[in-house]
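Take a look at the structure set out below.
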Amino acid sequence: MVILRRLRWALLLLPLLVPLITSNEYIVHSVLVKACVYAIVVAGLDLVVGYNGDVSVGHAGLFAVGAYTAAILMTKLGLSYWIALPLAVALTALVGVGLGIPSLRLQGPYLAVTTIAFGMIIQTFINESVWLTEGSQGIQSIPVLRLPGGLDFEGNHLFYLAYPAMVLALIAAHRVVRSYWGRAFLALKANSIAAECSGVNRYRYKVSAFVLSAAFAGLAGALFVHIDKYVGPTTFSLQLSILFLIALIFGGLRSIAGNVIGAVLVVVLPDVFNRFADYQLLVFGLLLLATLYLLPGGLVSLWRIATAAMARRSGAVPPVVDRARAGSGEARGGPPAIVPPTAGAGDEALLETEELTIAFGGLVAVNKLRLSLRRGEVRALIGPNGSGKSTTVNLLSGVYRPTSGHVKFAGHILDRAKPNDVSQAGIARTFQNPALFGEMSILENVLVGLHHTFRVGLLGIVLHTPGARREEARAVARARALLDLVDLGAIADHRADSIAYGQQRRLEIARALAQDPRLVLLDEPAAGLTSGEIDELQHLVEVMRDAGIAVLLIEHHMDFVMAVSDRVTVLDFGQQIAEGTPAEVQRDERVIRAYLGTEEPLDATTQGGDRA
Amino acid sequence: MQRVFRQGRQVMMLAAAALGAAACSGSKDAASGGASDAIKVGVYGPFTGGSSPMGASMRDGARLAAEEINAKGGVLGKKIELVERDDQATPERGAQVMQDLVSNEKVVAVLGPINTGVALASYKYPMQAKIPLLINVSAGAPVNELFKDNPDNYVFRIAASDDIQAEMIVGEAVDKLGLKKVAFLCDETNYGQNGCKKMTDAATKRGITAVSVGKFKIKDTDMTPQLQEARKAGAQAVLTYGIGPELAQIANGMNKLGWKVPMIASWTASMSNFIDAAAANGNGVQMPQTFIQDGATRPQATAFIDAYKKKYSADRIPSAVSAAQGYDSMHLLANAIAQAGSTDGPKVKAALENLTAPYDGAIATFNKPYSATDHEAIHKEQVVMGVVQGGKVTPPAAKP
Amino acid sequence: MSDLAQLILSGVALGMIYALLAFGYSVTFSTSRTINFAQGEFLMVGALVGLAMETKLHLPYLGATVGAAIAGVFLGLLLEYAAIRRALRTGSTATWILATVALGIILRNAAERIWGTDDLPFPAPFGSDPLIVGGVRILPQEILVIVVAALIMGALELFRRRSAYGKAITAVAADKDAAALMGINVGRVMTLSFVISSVLAAVAGVLVAPLTLVSPTMGTLLGTKAYAVAIIGGLQSGVGGVVGGLLLGLTEQFTARYISTGFKDTPGFVLLILILLVKPSGLFGKRTVRKV
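Here it is in structure tokens:
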């Protein structure tokens, strides 16, 4: 293992020999150096496209900001490159903040549109600010970069600057996406509401990813100025932005190797395609479409497909999710699965809603609901289909905002709270249709629930500090304990979308418990479960109650409701019509009428789409 | 363990690929070194996209010349082989294809490009490799300016520089027409802005300043605000630097606004995309020309036009000036190689600087076009003002 | 004064073209939550097909417009089949954005090979000499653009609100699953919305062509600005597209005239960012409820 680890670093150094092997300027200076620079942009773009699922069509503009900042600081202010470089990165990141904040408020193609517009505007700005940028003439007098020892980075020697820069940038990107940041990105992409309800601040991580991506583009831009020692506005066109996206898709999303391969390809392909002369863009477009549909994982997926096939032939079972790798060496049975919430003031009325109301257009889905829960209480919320139960859960978890009324929880007022704030305050939830992060492993799904336990900042992640590693190991140990609790420990590395329905439900509960909640909202947890699985579920609810966690249970399965609840609240047409112990409610006239009115006997086990 | 191994493999793959590519290039170098019988000449320019009418015309002109030369047995007993590269009008691509031409194709000289930004990003590479670069369209690229830093200058031009054109445009308005109030309207590209700067210099020399200086973008469809501003400022003539389609929009816009003042433009107003798009509104527009397709009286020029039309079965040359200059640049280069008796860069350069035989080209008769201190082939005498009239560019004599 | 009126008129004519494209985006965005990033290229194909009809088949302007509209139908079907349907089934946001971008690249290159890269003039049906109305000089084509664009959008808005198919579009926009349960063929409605949007783009091409010039790259800038217009007006709102289009057309002209000709293209971006900061759903947009 140690040998392999050393070997890996040696291998990373190997390409540095290339300039010694060939003196061909086209290969080294034009292709490899440019590919290194583009790979940095593409790896940054991958954070936005691959990990966040947004699209930027303006990375050439950000690239331009980096290039021009470096060029201007060197030529106009005479600053050293080593000062200009970090300033270029910082300014580009700042521009990223300015673009990301307005564009990422809503979900949709907004970022694509603002970035296209930005790409155009930055060219106008360069053209108009002649005093600063030399306008359309471009900046030509970029000084040769020299090191104190008399070494210069002219011609092929530029590779000695570009390659290490690329390696460091890619390692940084790699560490970010393997950290809790990367899990937050992927979770938001897979299911943003579930991610937010697990405690991830959508807006913050979306903007952060874009800013980080801008910083990468800025770094690449600052390196780019040395290639031709010329920066002019026409380089940073919409076509270049599209070229970066093409590189990303060709190589393969969410793969460092893919980023590099894609970058090399887009640098070399136009020269290869020269034989298609006037048809080369057509060929490019068709290749892009073909890649999107026939090889959505890009060229690197060929490698994955091949290794998987070889492994299958040799009988070895490939890891189901190769992202799941963390902390396999940790001792089992370390941390407890559940951290019981501390008892405190306000426990008697942990949750209180006052006149909680929400209307969609003219339809009042929840009408002046008053609900009150104690610490550790298991409360069932039942009612016929369309009575407002799921809407109540969405209101309590911050997915919907009430039209009027209040939600008070453990002394906080949560009327306007976003789902991640609600999670932070101590309310976790599951979903009627399991909302897991399908492409991620089971373990990672729980780790997203543990998002709130991470304190380490971006710098710690990139530098891989001992603190960051400790934090990750602690979270992984805790996640494994939770998985053991819900009996999924053995398949922790499987993809979350590969498991059975009952397992998905239990995984959601583990993810909810990972948030260290005081209250868990279970939205039809027994739906679709076998009777054996329902018994296990009952056990889990009891474990929660014993730990002092309150449970609000929405359920149609009446045997289960009656067995597990302390009290039952009945809703009809968005209003509470009864409340009491299970036995009291069962005898209540109004309840019986409400259920019979919808031809749904109270003791029947019903499932199905409650779309309140 | 698993992870370390996996990453190791990927890194190893990439490293191997890089080394493999490097090794391949080594063998390729060896293979292409001696075996080739042809003289390789690089041609680069935009063959696709917006400025391709100029790029493709230039390339076609060069092809025509190469064919003629080869039909007569080539140069030094070898055929000329054009190695064509599309620079897509972007500086960064231009630099890359130039390195491809120089490092991989081992061309003996390069012809092109169209766009000034491309020239700026790429001229260093032939300079370093001591290979002549004959700029045959870009009017704004530095040529003689380069002597300052490189006494050993390998860049030559066979196109009317912006200095000459700007001087003529301003001279026409101020000296000939006696107008004192002129408006400048230039596109925002390197080409237009450089032209604007040179026109400002030419005006300053005459003690006047433009009453309005406007800008427009490539593909701008409506010039109303720009023209209104110029008219408001009391301009008596519109002097423009841009390319055909946008110049046509200016002519059309002036007609729309009912504003009838002389329009004097850069040579691109002789391109078919101006003449067709401006139609009647283009009549009377003047521009400096090295070559006037429809007024060609010199036999070489007529022969060139006939040969071009025949070869490409075209009624009109998309950009006649680019084609003629592409054609002449190839012939001049061939003459220099023949005179040098070698394809060796420094020798060809020396021959270009001292061409003994005059060359009767499509544009002009070149008698010692270059010297060791002057790499501009076209001088003021070879440029004339042309006028658009009835869908054709006519020489000044035909001016009504 | 007439100077100002002149400027406003140019701005309105330009704004109506933006509006036509943005109106198309609103139709497809409401049914499929996608935007066609090749819309500018559709406009270009419309204009070039129209030109071919006029010059090769010697059809009158109206015939050329019909020809372009037919081309628009085919483009809409192609778009829906090749770029949207498969992308929505398999991929993420990135997939459909890139698929439409790829389609745009392909169309542009194909058009270059068929029609050449040059800018060609498109003869104006009512001549290119301006009419003089109260000191303001108007090209007949500018009037045609304003009137025809307004008519088309008015008719479509009526269609959307009154006809059965129009209501089906509204229903699919509101809730795909519910619409399917009500017996609406969601797939067909989506296809229809793409056809409508593409025909709009193609007709816009023929309308604008006599004012501009026709070339494979003519649509890129117009299309890009129309995205901004659609977002400024509200992606789901047809009226928003019209208001946004006029707003942008006018501010562009005024910026060029009174601030600097060089900054003519900046207002679109500035308005876009401002709107997203102040009212991200657009001037006429409604905030949609996220479904769980």
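As they're listed, the protein sequences go chains A, B and C.
To get the working numbering, take the position in the first sequence, counting from 1, and add 30.
To get the working numbering, take the position in the second sequence, counting from 1, and add 39.
To get the working numbering, take the position in the third sequence, counting from 1, and add 13.
Ideal placement from N, C-alpha and C gives every residue a C-beta, glycine not left out.
Can you tell me whether residue i is buried or exposed? The criterion is at least 16 other CB atoms within 10 Å of its CB, across all chains shown.
i, result
"E420(B)", "exposed"
"D182(A)", "exposed"
"F189(A)", "buried"
"P152(B)", "buried"
"S309(B)", "buried"
"A123(A)", "buried"
"I272(C)", "exposed"
"I208(B)", "buried"
"I412(A)", "buried"
"S344(A)", "exposed"
"T87(B)", "buried"
"L169(C)", "buried"
Let me check understanding here. Comparing Cα to Cα, which of the options lies closest to residue i?
i, options, result
"A51(C)", "L164(C), V149(C), L111(C)", "L111(C)"
"L43(A)", "G74(A), A192(A), L103(A)", "A192(A)"
"A556(A)", "E469(A), P464(A), L515(A), R500(A)", "P464(A)"
"D261(B)", "K215(B), T329(B), Q288(B)", "Q288(B)"
"A379(A)", "K438(A), A608(A), I564(A), N231(A)", "K438(A)"
"Y323(A)", "T108(C), S43(C), A35(C), L27(C)", "T108(C)"
"M326(B)", "M302(B), Q339(B), D345(B)", "M302(B)"
"G196(C)", "I159(C), Q154(C), A60(C), A177(C)", "A177(C)"
"T433(B)", "V387(B), S410(B), I314(B)", "I314(B)"
"G89(B)", "K118(B), E285(B), G112(B), L218(B)", "E285(B)"
"G234(B)", "Q138(B), A304(B), K244(B)", "A304(B)"
"Q339(B)", "F405(B), A160(B), A274(B), K187(B)", "F405(B)"
"T341(B)", "A178(B), S142(B), G400(B)", "G400(B)"
What residues of chain C sit near residue i, judged by a beta carbon separation below 7 Å?
i, result
"K295(B)", "P143, R150, L152"
Which residues in chain B have a C-beta closer than 7 Å to the C-beta of residue i? List them in chain order.
i, result
"G275(C)", "E227, K254"
"E125(C)", "T87"
"T225(C)", "T260"
Which whole-angstrom value is the C-beta distance of residue i and residue j, which I expect to be below 8 Å?
i, j, result
"A509(A)", "L480(A)", "6 Å"
"A90(A)", "G149(A)", "6 Å"
"I472(A)", "A526(A)", "5 Å"
"I417(B)", "I197(B)", "6 Å"
"A101(B)", "L121(B)", "6 Å"
"A214(A)", "Y235(A)", "5 Å"
"V80(B)", "L372(B)", "7 Å"
"C227(A)", "S420(A)", "Wrong, their Cβ atoms sit about 13 Å apart, outside the cutoff."
"I622(A)", "F590(A)", "Not really, about 19 Å apart at Cβ, beyond 8 Å."
For residue i, which residues in chain A fall below 7 Å Cβ to Cβ?
i, result
"A107(C)", "V79, G83, V85"
"V311(C)", "There is no way to answer for residue 311(C), as the model of chain C reaches only from 14 to 305."
"Y240(C)", "V143, I146"
Please compile the residues from chain B whose C-beta is within a distance smaller than 8 Å of the C-beta of residue i.
i, result
"S267(A)", "T129"
List, in chain order, every chain C residue whose beta-carbon is nearer than 9 Å to that of residue i.
i, result
"S91(B)", "E125, G129, T130, D131"
"T263(B)", "Q19, L20, L22, S23, G24, Q266, A269, R270"
Given that residue i touches chain A, what residues does it touch there, using C-beta distances under 9 Å?
i, result
"S294(C)", "L136"
Checklist entry - If contact means a Cβ-Cβ distance below 7 Å, which residues of the segment 14-41 of chain C contact chain B? => result Hits within the stretch, in order: D16, Q19, L20, S23, L27.
Checklist entry - Taking Cβ-Cβ distances below 7 Å as the criterion, which residues of the segment 157-178 of chain A are in contact with chain B? => result Listed by position, the residues of the segment 157-178 of chain A near chain B (Cβ gap below 7 Å) are N157, G165, S166, Q167, G168, Q170.
Checklist entry - In chain order, what residues of the segment 288-308 of chain A put their CB closer than 7 Å to some CB of chain B? => result V290, P300, D301, N304, A307, D308
Item to check | Contacting positions in the segment 464-488 of chain A - beta carbon closer than 7 Å to chain C | outcome: Near chain C, meaning a CB-to-CB distance below 7 Å, no residue of the segment 464-488 of chain A qualifies.
Item to check | Cβ-based contacts, 7 Å cut-off: residues of the segment 312-338 of chain B near chain C | outcome: Within the segment 312-338 of chain B, the residues whose Cβ lies closer than 7 Å to some Cβ of chain C are N312, D315, A316, A318, listed in chain order.
Checklist entry - Which residues, in chain order, does the segment 137-164 of chain B contribute to contact with chain C at a C-beta distance below 7 Å? => result none
Item to check | Contact list for the segment 243-260 of chain A against chain B, Cβ threshold 9 Å | outcome: F254, I257, D258, K259, Y260
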